[in-house]
Amino acid sequence: MLINKSMYPVKAGYSAISTMQSQLGKLQTQLGSGEKAQTLAEMGFDRTVSLATRNRLTKLDSFAANIDTVNLRLNFLDQGFTSLAKLKSETRTSATPTSYGENNLTMVSLQKDSQNRLSQLLETLNLSVAGRYLMGGNQTDKAPVATYDQIMYGEGTAQGYLGVAEERRKADLGADSGDTLGNVGLPRSTTLGPWKNKLVISSAEFERFGYKIMSISGNSATTQTSGPTADPLAPTVQVTTQPADGDVVTFNMTRRDGTTQTFTAKAVAPPTVPNDSATPPEYSIGATLEDTAGNLEGLMGQKLGNLENFKIFTSSDADVKVISYSDGMESISVKFDKQPPDGEMLTIGIKNRDGVTEDFQFKAVTGTPDPLATNPREYQIGVNREETLKNLKGAIETSVGGLDAPLKLGRLTAGTVPAPNDTTVRLEEQTPPTIFGYKLASASTTSSKINVSAIAGNPANMSVQFMGNPRAGESVTINLKMPDGTSTPIVLQAVDREPVTGQFVIGATPEETTANFEAALKLKLDQTSKTDLVSASSYAAADDFFTTDGVARRVDLSGGNPETATVFAAPNTRETVKWYTGEVGTTGDNPRLSATAQVDDSTKVGYGVRANETGLRELVKTLAAMSSQEYDINDTTSKARFSAMVERQMATTSSATATNKGSIEQIGLELGVVRATTGGAAERNTAASGQLETLLSQVETVSMEETVMQLLALKTRLEASYQTTATVAGLSLVNYLK
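Quick note on my numbering: the sequence shown kicks off at 39 and runs consecutively.
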């Protein structure tokens, strides 16, 4: 019997104790770190799950970082486009056509307001966050838009918008015409009075050429002069039915100084001699209505003095009244009470555009006037006052009508066709053809006596033929295409009274009417050129300067000056400031994709913005054009030009443009969609991260409570194993026999 052998497997007990010690150490480590394993090898099959889960969480963290960056930039873009939308709205409502404001304040302040808005707009387009510019597409390291001063005034030798616009304005208006006042029917004069012995000369249209009627003198026992004045002019008596013997008429009159006076007169029939000292004073009933009117007017002049001192006449008899001529402009008048004597002088003072007043003198002569005499210019004393006044009228129109009247016709020519077709006025585009100025579109008329025809071509032309005299109120309409692509109608109406701009007087013959139409057409074209065409040219220049790629189109000055230029210069041949230096992009591409970010596995958002997008560029162009126009209250074109500019401003900033591609509203909406997309992605990513964190916790971490329980149980087992092993280890035959 072997006594050194034991039935208890001591070595196995030692091995079990060693294993439990190892487990105890592992549980203690887990209790301290909270993790199941310290190395991937210890994780066993769970390591694949851990690695995959951590890789996924890393991607979600990168998505979250992208979303945070995008949201930061979107916050700034949102503020920027909120400001831009407000700026556009303010621009749209800042002014309306013909609303000049109290004391013209709205009109004169519009330029400065537009300059301030443009400066604010350009600063917004150069918005940056942490050194990254947000509106230059994929070019983020520099400002995409030049500064206000660079854009408007240029930099160094590079020209700015104002210089480009001035060249374009000159190119569109063209050179001055070689017309005189007489060519355009000026000065306008009218013969009045029962015996046609009153002449009224209006200053209408003088101001546009820089002239002003300052004075008239020459009063004598035979000649009366008055003016310049505007309301009313040359009062004259008119009798429509012969009064009966003894009829009394009463006039209630208001003087120019506001005081009132009453005048009563009594009609007497021949052979009774009227008594001008009777109460009321008497006047003779003449053989004709004109004679009766002249007798009453003579009595009123005798008793009241110069009738020019009165502005209102109210008659008690509808058949007897005092009428006056007034076109709203300052006028002067001449009245012959008797035939002027030989050598009598009349002087009219006219100030020119240089501020110098020139005296035009006219001398009455009994013989044939000297054709070489110019100042004084001679006129013949006729057989009666009517004929003498007619001769004076011709002398004044010849002398004053010789003053220069430079017209701006917008690169068109207008003139009456020579005989035998001298009842036709032809309007033509300039030869050689040019891309600047007006383009003829169409023509129409409401009169059966007028024939209009248009001939397409390069250059195009149209004709207006008078086959007879039209009736008052009938008109001719000529539609012109403007440099900015808009259209403007020119309407010329036939009238049988003194015309205003846009009207022509029906003459005694078709030839005379044709001449009046030509003069009215030239004046209307000149007015439209200095208002609508200048406005359209400003906007066209903005199109030239604020191009998509920033490279401006410039007028070709190889011919010497812009007034005669016909085409644009080749690109980049004339040094000009580039207003935009960011990413240009290609036709039809999506500017939003110029800056992108991945926000989840399947979603990439684009939040790029380019300052050259249509809506942003339109607002820049509008404010630049508006900033270029000054409205001086002393400039006769200011109000009409203001209205033309405002009409275009309202059109380019109207609420209807919100649906246009690339509009400020559309860009803001698209960025809003991006924000919503990133918000949705962030929510999904957060939910996924939570689930993955739970899974990773289950794989990599331990339950503290469970670990403690396992540790205590293992400790109890280990202590029991120690005790049992120690007891067994002490057993032997000797100890047993003891």
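Don't be surprised by glycine CBs; every beta carbon is placed ideally from N, CA and C. Computed from a predicted model, the values in this text were never measured in an experiment.
State the DSSP-derived secondary structure class of residue i, mapped to helix, strand or coil.
i	result
glutamine 667	coil
valine 605	coil
valine 684	helix
isoleucine 254	strand
leucine 595	coil
lysine 699	coil
isoleucine 189	helix
aspartate 26	A question about residue 26 goes unanswered here, because the residues of the chain that appear run from 39 up to 776.
lysine 487	coil
leucine 172	coil
lysine 642	strand
glycine 296	coil
alanine 635	strand
glycine 511	coil
isoleucine 419	coil
phenylalanine 504	strand
glutamate 320	strand
proline 273	strand
lysine 359	strand
glutamine 197	strand
phenylalanine 244	coil
alanine 492	strand
asparagine 344	coil
threonine 404	coil
proline 266	strand
valine 712	helix
asparagine 723	helix
methionine 367	coil
isoleucine 473	coil
serine 56	helix
valine 622	coil
glycine 332	helix
serine 227	strand
Using C-beta distances below 8 Å, list every residue in its chain close to residue i, excluding the 5 sequence neighbours before and after it, in chain order.
i	result
valine 605	Thr472, Ile473, Asp594
serine 56	none
glutamate 128	Arg155
Kindly list the residues whose CB is nearer than 6 Å to the CB of residue i, restricted to its own chain and excluding five residues on each side of it in sequence; keep chain order.
i	result
lysine 376	Thr260
serine 485	Pro508, Glu512
serine 437	Phe398, Arg415
threonine 278	Asp357
asparagine 333	Tyr321, Ser322, Gly324
serine 632	Gly175, Asn176, Glu621, Gly646
leucine 445	Ser215, Asp217, Lys560, Asp564
valine 360	Pro273, Val275, Phe351
valine 538	none
asparagine 42	Only weak support exists for where asparagine 42 lies, its pLDDT of 47 falling under 50; the value from the coordinates is given anyway. Same-chain partners within the cutoff: there are none.
For residue i, which residues does DSSP report across the bridge?
i	result
leucine 115	According to DSSP, which records beta bridges pairwise, leucine 115 is partnered with nothing at all.
aspartate 442	Thr218
alanine 303	Val287
valine 167	Arg170
arginine 374	Before going further, note that residue 374 is phenylalanine rather than arginine in the sequence given. Answer is Thr261, bridged to phenylalanine 374.
serine 353	Phe289
serine 480	Asn517
glutamate 466	Thr451, Asn499
For residue i, I'd like the list of residues in its chain whose CB is within less than 7 Å of its CB, leaving aside the five on either flank, ordered along the chain.
i	result
proline 497	Glu466, Glu467, Gln468, Thr469, Pro471
arginine 21	In the structure displayed, the chain extends from 39 to 776; residue 21 sits before or after that span and is not available.
alanine 203	Ser576, Ala579, Ser666
glutamate 651	Pro629, Gly700, Ile705
methionine 39	With a pLDDT of 40 at methionine 39, under the threshold of 50, the modelled position of this residue cannot be trusted, and the question is left open.
aspartate 670	Ser676
Step through the CB atoms of chain C and report whether any lies within less than 8 Å of the CB of residue i.
i	result
isoleucine 705	Going by chain labels, chain C is absent from the structure shown, which holds only one protein chain.
For the pair the segment 242–256 and the segment 365–375, tell me if three or more CB-CB distances fall below 8 Å. The answer is yes - the segment 365–375 touches the segment 242–256, with three or more Cβ pairs under 8 Å.
Is it true that the segment 135–146 meets the segment 583–591, where meeting means three or more beta-carbon pairs spaced less than 8 Å apart? Cβ pair count under 8 Å is below three, so no.
Can you find at least 3 beta carbon pairs, one from the segment 402–421 and one from the segment 215–230, that sit closer than 8 Å? Pairwise C-beta distances place the segment 402–421 out of contact with the segment 215–230, as fewer than three of them are shorter than 8 Å.
Closer than 8 Å is the cut-off here; do at least three beta carbon pairs connect the segment 417–426 with the segment 377–385? Contact check between the segment 417–426 and the segment 377–385: three or more CB pairs, one atom from each, fall below 8 Å, which counts as touching.
Inspect the CB distances between the segment 552–571 and the segment 269–282 and report whether three or more fall short of 8 Å. With a cut-off of 8 Å, the segment 269–282 and the segment 552–571 do not count as touching, because too few Cβ pairs lie within range.
Quick test of the definition: if touching needs 3 or more C-beta pairs under 8 Å, does the segment 713–724 touch the segment 633–643? Below 8 Å, enough C-beta pairs join the segment 713–724 and the segment 633–643 to call them touching: three or more.
Okay, do the segment 160–175 and the segment 111–121 touch, 3+ Cβ pairs below 8 Å being the bar? Contact holds: three or more Cβ-Cβ distances are below 8 Å.
Does the segment 547–564 come within contact of the segment 453–463, defined as at least 3 CB pairs closer than 8 Å? Taking 8 Å as the limit for Cβ pairs, the verdict is that the segment 453–463 does touch the segment 547–564.
Start-end ranges of the alpha helix (DSSP H) lying completely within the segment 513–592, minimum 4 residues: Taking only runs of at least 4 residues, the alpha helix (DSSP H) segments lying wholly in the segment 513–592 are 548–566, 572–583.
So does the segment 387–402 actually touch the segment 278–298, counting three or more Cβ pairs closer than 8 Å? No: the two stretches stay apart, fewer than three of their Cβ pairs being nearer than 8 Å.
Would you be able to state if there are at least three C-beta pairs under 8 Å between the segment 280–291 and the segment 299–314? Look at the beta carbons and you see the segment 299–314 touching the segment 280–291: at least three pairs across the two are nearer than 8 Å.
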